[in-house]
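Let me begin by presenting the structure, written as structure tokens, before commenting on it.
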Ligand SMILES: *[C@@H]1O[C@H](CO)[C@@H](O)[C@H](O)[C@H]1NC(C)=O
Ligand SMILES: *[C@@H]1O[C@H](CO)[C@@H](O)[C@H](O)[C@H]1NC(C)=O
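In mature numbering (1 follows the signal peptide of the UniProt record, and there is no 0), the protein residues as written are -22 to -1, 1 to 247.
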């Protein structure tokens, strides 16, 4: 009832102003505004990111941080300093089969003082987000397109390991907006077992979640005897071969699994 009266009154007012005064409607600013007057995102430059990080670190309270993030001026009202666009930026690393774009304090200074980071991952057909861990954050990863198998290794007492001392792993097929927890510090991976691209969205409970690739990290330990000893001095893997192995470890986050690529008819290098 009240709504009807109100909308009738508004309509009448609108009709009156538009017909009687015929004031031309002010065109919306075209520079940074669209979709209802709110500005669209503009990426910060590396020097802008650095400057913002430093200013925010000198702002103790969130009120102080607001002064830095949303200062008075022509741009006031824009949430640009707390926004980020996750775009597919191929880094050109050899053997790369997808990319993970992380929004953390490095790319979104506005996250300083929060316990939040996020990522969007584009995993190509047969792509493997190689075993890695986040030293400072739990992760909850949700698949928004395609299918991924997610897995992590458990932290258990020795009696639960199998005969070879292998720690147990838990896994899940994730599809259709299904998500899974990857606990802080646990070694985990995601694999796209299909011939179609998969896309995930991930949330972290630390604004500086960090990432260690397990193979890269392990084989970065020096000298070689440290590695051969911790591998049980296998006869087939002496210091010479360790060095060879080191050179084959990919730096790329996402690599292709060859048996799957063969099934999908994808030519591997
Ligand atoms: C983002 O923060 C910087 C540093 O305070 C400021 O110069 C700039 O105007 C801010 N951007 C917006 C859209 O408020
Ligand atoms: C995704 O889940 C919804 C809700 O259970 C279901 O209706 C839909 O059919 C599912 N889609 C696929 C592709 O599995």
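We treat Cβ as the ideally placed atom computed from N, Cα and C, and that holds for glycine.
Identify the residues that DSSP records as bridge partners of residue i: which are they?
i	result
residue 125	153
residue 96	81, 181
residue 169	106, 127
residue 190	111
residue 118	159, 181
residue 148	130
residue 176	101
residue 234	105
What does a CB cutoff of less than 8 Å around residue i pick up in its chain, not counting 5 residues either side in sequence?
i	result
residue 154	121
residue 249	Given that the chain is displayed from residue -22 to residue 247, the structure contains no residue 249 and the question cannot be resolved.
residue 233	73, 74, 75, 105, 106, 108
Can you list, in chain order, the residues of its chain with a C-beta nearer than 6 Å to that of residue i? Leave out the 5 residues immediately preceding and following it.
i	result
residue 86	62
residue 193	227
residue 52	none
Beta-carbon within less than 7 Å of residue i's beta-carbon, same chain only, minus the 5 sequence neighbours each way: which residues are those?
i	result
residue 203	217
residue 134	145, 146
residue 238	104, 171
residue 190	110, 111, 113
What are the complete beta strand (DSSP E) segments, minimum 3 residues, inside the stretch 20 to 77? none
Tell me, please, whether the stretch 179 to 187 touches the stretch 142 to 156 by the rule of three or more beta-carbon pairs shorter than 8 Å. no
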